[in-house]
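First to last, the protein sequences are chains A and B.
Counting from 30, one number per residue, gives the positions in the first sequence under my numbering.
Counting from 444, one number per residue, gives the positions in the second sequence under my numbering.
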Amino acid sequence: MKSILAHLFSGRLASGFRRSMVVVLDCTSHVGTNAWAISGSRFARLAPIAFSLAVATGILEAQSQQAVSQRRAVGVIYAIRGPAYLRQSADGRPIQLDPRTDRFRGLREGESVRCGQGGFLELVISGKTIKIKESKDWIPIRAVPSASPEVVKAIDSYGHVGGRDRMIASAIFSPTPGNAVRAKWLEFRWRPAPTLGPVTLVIEDAAGHQVWRQQGIDGASGHFTSEAARKALANYRNAKQELSLTMLDTGKNETRLYFNLLSSQDEEALDRDLRTWKKDGKRLIDYIGRAYVLDHYRLCAEVAQEYESALTLAPESHDLILATIQAQSCTGNLARMNELKRRLSLGVESRQ
Amino acid sequence: MKNPSGKKTKSTRPTAMNTGTGRGKKDAAAPSIQKCLRFLRGLFLTLLLLWVNIWFERTTVGKHLEVMTYNLLQSRLSATNRAEELPVVIVDISGLNATLLQHTSDTPVTLREPLLRLLTAIATKEPRAIGVDLDFAPERGIYVTPSDPDFFQSCLRLKAGTEVPIFLGVFRSQALPPQAWLGDQRYEQLATSIMVPRDSKKMVQWLRVGEGSTPLPTMSAALADAFRHAERRPPKWLRWLVMSVREKSLAPSLTISEFLVDYSPLEAIEQIPTIEGDLPPNLSERMTDRIVLIGDVKKSYDTFVVPDRKEPVPGVLVHACAAITLIQGPLYQWTSGGRVAIDLILFVLAFGSVALLNMYFHSRTTSSVDTERLQIIAARLIGLLVAVGAGCVLVQMYRLIWDDFIFVAAAVLFHPAAERYFGKLVVSWPILKAWCARFIAVDKKGHSE
Numbered sequence: 030m031k032s033i034l035a036h037l038f039s040g041r042l043a044s045g046f047r048r049s050m051v052v053v054l055d056c057t058s059h060v061g062t063n064a065w066a067i068s069g070s071r072f073a074r075l076a077p078i079a080f081s082l083a084v085a086t087g088i089l090e091a092q093s094q095q096a097v098s099q100r101r102a103v104g105v106i107y108a109i110r111g112p113a114y115l116r117q118s119a120d121g122r123p124i125q126l127d128p129r130t131d132r133f134r135g136l137r138e139g140e141s142v143r144c145g146q147g148g149f150l151e152l153v154i155s156g157k158t159i160k161i162k163e164s165k166d167w168i169p170i171r172a173v174p175s176a177s178p179e180v181v182k183a184i185d186s187y188g189h190v191g192g193r194d195r196m197i198a199s200a201i202f203s204p205t206p207g208n209a210v211r212a213k214w215l216e217f218r219w220r221p222a223p224t225l226g227p228v229t230l231v232i233e234d235a236a237g238h239q240v241w242r243q244q245g246i247d248g249a250s251g252h253f254t255s256e257a258a259r260k261a262l263a264n265y266r267n268a269k270q271e272l273s274l275t276m277l278d279t280g281k282n283e284t285r286l287y288f289n290l291l292s293s294q295d296e297e298a299l300d301r302d303l304r305t306w307k308k309d310g311k312r313l314i315d316y317i318g319r320a321y322v323l324d325h326y327r328l329c330a331e332v333a334q335e336y337e338s339a340l341t342l343a344p345e346s347h348d349l350i351l352a353t354i355q356a357q358s359c360t361g362n363l364a365r366m367n368e369l370k371r372r373l374s375l376g377v378e379s380r381q
Numbered sequence: 444m445k446n447p448s449g450k451k452t453k454s455t456r457p458t459a460m461n462t463g464t465g466r467g468k469k470d471a472a473a474p475s476i477q478k479c480l481r482f483l484r485g486l487f488l489t490l491l492l493l494w495v496n497i498w499f500e501r502t503t504v505g506k507h508l509e510v511m512t513y514n515l516l517q518s519r520l521s522a523t524n525r526a527e528e529l530p531v532v533i534v535d536i537s538g539l540n541a542t543l544l545q546h547t548s549d550t551p552v553t554l555r556e557p558l559l560r561l562l563t564a565i566a567t568k569e570p571r572a573i574g575v576d577l578d579f580a581p582e583r584g585i586y587v588t589p590s591d592p593d594f595f596q597s598c599l600r601l602k603a604g605t606e607v608p609i610f611l612g613v614f615r616s617q618a619l620p621p622q623a624w625l626g627d628q629r630y631e632q633l634a635t636s637i638m639v640p641r642d643s644k645k646m647v648q649w650l651r652v653g654e655g656s657t658p659l660p661t662m663s664a665a666l667a668d669a670f671r672h673a674e675r676r677p678p679k680w681l682r683w684l685v686m687s688v689r690e691k692s693l694a695p696s697l698t699i700s701e702f703l704v705d706y707s708p709l710e711a712i713e714q715i716p717t718i719e720g721d722l723p724p725n726l727s728e729r730m731t732d733r734i735v736l737i738g739d740v741k742k743s744y745d746t747f748v749v750p751d752r753k754e755p756v757p758g759v760l761v762h763a764c765a766a767i768t769l770i771q772g773p774l775y776q777w778t779s780g781g782r783v784a785i786d787l788i789l790f791v792l793a794f795g796s797v798a799l800l801n802m803y804f805h806s807r808t809t810s811s812v813d814t815e816r817l818q819i820i821a822a823r824l825i826g827l828l829v830a831v832g833a834g835c836v837l838v839q840m841y842r843l844i845w846d847d848f849i850f851v852a853a854a855v856l857f858h859p860a861a862e863r864y865f866g867k868l869v870v871s872w873p874i875l876k877a878w879c880a881r882f883i884a885v886d887k888k889g890h891s892e
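Have a look at this one:
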């Protein structure tokens, strides 16, 4: 028994596995013989087998633990909310993660994670933050390979993706799908069309309850603001749920998108960060500084507006045009993106 | 000259043409050293104009002119107006909406199941190759959808089973080692870059990160390669002067190979829409023996401004044009040596002929050849030849894009005038030098007082 324990805790299980099995069998044969000698009952006959099985399982599990610990550490769990699970190997048992004790738990290659309904995990892997929400499938943990920054910069400067982007063109630019909105800044912007006619805008919460509704809005204008909508959303700031905006036209065509609200805490942090830049400053640096801060809070529509204002001061700036294209891609304003790309094409050839 | 009445009369002109420089003066006995100097002066001017040309190309105005010229030449390329003659067909997945998968982010993804169904249906039509113009690369080490490894494995099985090469797009991971392109070494053979250069006149053939590593082909290059076409080469006399691909280094460890794209078949490329992710019926003959490129034509954000088109076009059409260019015949451009050679050839043609004429008449008549006028005529003829040659013959016959031919033609046209003014400058140089020296001496005297 002592030799088994010595092997278990020596950290040399992988190489000593066979020796351990020999020792286990040797011990159990002694125990089994003794047990048989003592009682001669069926239990006594089975006892050595059960004992050896238990020991073997323990060895295997310890071996598995060591194998896991021998795998490369690639990251750490930064935040856990709701039900979240970890599996240390493909056939391992899922372990439910505790938000208190498992925070900053190390992650290794070969492990996998999953979130249950309403669950959320924030992981830092190879220095990069990854957010995981509810999913049915296990997400494997792998080291994030890193590219040389100069290579990445060279590629970004030379070209960009010529394939379907994850976002698809949206009819509604503000609020932007999947991004955040500050209640008191809420503005509705959509692709104006002379044939659109009057439209209805409806905001609902995650449970489908109506938060605000307005009918008879001029669809051709492409723009609408409502203090009533802002006040209604202000009550949902700390609800931590996704809201939906639906636009209905007279032909019963529906366009829907989902967005989040900044909480009051985030709003305070945003105001603090924005103090670094002059609130109504009209210098280029003010616009770009504010855009940088707003981008951090995923306020895409406001970021695009800041870059558009900056562009009026430096309309030929190659990098500013690129940044504005990027900002408009977040809002889904495809027409404006194409217009800027046309402007960029001449500037690009001059630069290259 | 005065007649007997004392009135001045104009001197009678000889039957041969008067000489050029030194107007009206006969050059019958010009020493050969002067002719040699004139030749060297002309050669020097040619090289100077060549240098000015290279400098001008790098200015904003030069770039604008280059774009205009390129657009003009693009419009001269022979366009195939019949879709059935083109080796590429596009399957448009605009109708296949991206869906929100919440496990990693809030941005939608294109579901793999309908894509695989589409790939399987297309593979049965016996195309030459299939490319999917989406970015399948893992994002921060995590697959875009959890079922991506299964999807890639299915693509490999489909490729092996039908012997149809299948290529999947990557962009996020193209700066990473090959085993990271699609997250695993097993899927490396499926990966192709879907990068489009910002200068959309060009397309990348491959890019290589690090010395000696496996280059990542682009979608268009991989598809063209799979098509196994016969390479169309220029005539032997032109081959050493032109190139179809150019390698360049974007960063110390990043090398690319790029080529010019022929956008003339853009409007003729056949686009097959999908109906709720499925192919419409009766398509066999439209895909057999052709390359099928799957991508989003209508709803995607990846649009590019291309030569000679007002509206930006989707990336999938850019890849299709690039593949067609490589299959049907690449576009050529002058090499650096070729540019110098062609300029010198034009110089020799324009002014060598004048020199030959001079030599011919020198031994046959006492009158001189009007060199300057001959130079002007020769320059105009050569200028016209360049314009017509570059605009029509070279581009249509040999697909040679000479994007600064307008400047070269202008340089040839103005060469005689430039030579005349340069000659005056040379003559007046000692005077200028003396004047400058006097000015400096006066200035020094003023300061010392």
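All C-beta atoms in this analysis are idealised placements derived from N, C-alpha and C, irrespective of residue type, glycine included.
The C-beta of A/L342 has fewer than 16 other C-beta atoms within 10 Å across all chains shown, which makes the residue exposed. In this structure the segment 678-694 of chain B does not lie against the segment 492-499 of chain B, because fewer than three pairs of beta carbons, one per stretch, are closer than 8 Å.
Around A/P174, the beta-carbon contacts reaching into chain B at under 9 Å are G584, S616, L619, P620, Q622 and A623. Chain A places a beta carbon closer than 9 Å to that of B/G626, counting this residue as a contact. The beta carbon of B/L611 lies closer than 6 Å to those of V575, F579 and L633 in the same chain, with the five residues before and after it left out. Counted as a single uninterrupted DSSP element, the alpha helix (DSSP H) harbouring B/R682 occupies residues K679 to R682. In this structure, B/Q771 sits near B/D705, with a CB-CB distance shorter than 9 Å. Each of B/A833, B/R842 and B/M840 was checked against the Cα of B/A852, and the nearest Cα belongs to B/A833.
Close partners of B/H762 in chain A (Cβ separation under 9 Å): G191 and G192. By the neighbour-count criterion, in which 16 or more other beta carbons inside 10 Å mark a residue as buried, B/R641 falls on the buried side. Counting only the Cα atoms, A/P128 lies some 13 Å from A/L152. The CB of A/A183 comes closer than 7 Å to the CB of L693, A694 and L697 in chain B, given here in chain order.
Beta bridge pairing from DSSP links A/Q125 with A/Y114.
The beta carbon of B/Q617 sits closer than 6 Å to those of S636 and L659, all from its chain and outside the five residues before and after it, given in chain order. Under the Cβ criterion (8 Å, minimum of three pairs), the segment 642-662 of chain B does not count as touching the segment 713-732 of chain B.
Taking a beta-carbon distance threshold of 9 Å, B/T746 counts as an interface residue toward chain A.
The Cβ-Cβ distance between B/I737 and B/L625 does not fall below 9 Å. Its chain contains V510, Y513, N514, Q517, S643, K644 and Y706 as the residues whose beta carbon lies nearer than 8 Å to that of B/P750, once the 5 sequence neighbours on both sides are disregarded; these appear in chain order. Contact with chain B is absent for A/E233, since none of that chain's Cβ atoms lies less than 9 Å from the residue's Cβ. The criterion of a C-beta distance shorter than 9 Å is not satisfied by A/D348 and B/P589. For A/Y265, the closest of A/A209, A/V105, A/G280 and A/R171 by C-alpha to C-alpha distance is A/A209. Sequence-ordered contacts of the segment 627-641 of chain B with chain A read I637, M638, V639, P640 and R641 [C-beta pairs closer than 7 Å]. In the structure shown, A/G147 falls within a coil segment according to DSSP collapsed to helix, strand and coil. Considering only beta carbons, no part of the segment 559-573 of chain B lies closer than 8 Å to chain A. With distances taken between CA atoms, A/L328 lies nearest to A/P204 out of A/F133, A/P204 and A/P221. A/P169 belongs to the set of residues whose beta carbon lies under 9 Å from a beta carbon in chain B. Look at A/R371: its C-beta is under 9 Å from a C-beta on chain B.
At a cut-off of 9 Å between C-beta atoms, B/P708 does not count as an interface residue with respect to chain A. Take A/G135, set aside five residues on each side of it, and the residues of its chain with a beta-carbon closer than 7 Å to its own are A102 and V105, in chain order. By alpha-carbon distance to B/E500, the top candidate from B/A861, B/R881 and B/I849 is B/I849. Under the three-state reduction of DSSP output, B/T657 falls in the coil class, being neither helix nor strand.
The beta strand (DSSP E) runs lying completely inside the segment 490-539 of chain B and spanning 3 residues or more are 531-535, given in chain order.
With fewer than 16 other CB atoms across the displayed protein chains lying within 10 angstroms of its CB, A/K281 is exposed. According to DSSP, A/Y287 shares a beta bridge with A/S273.
Any Cβ of chain B closer than 9 Å to the Cβ of A/G135 would place that residue at the interface, and such an atom is absent. Annotation: A/A339 to A/A333 spans about 10 Å, alpha carbon to alpha carbon.
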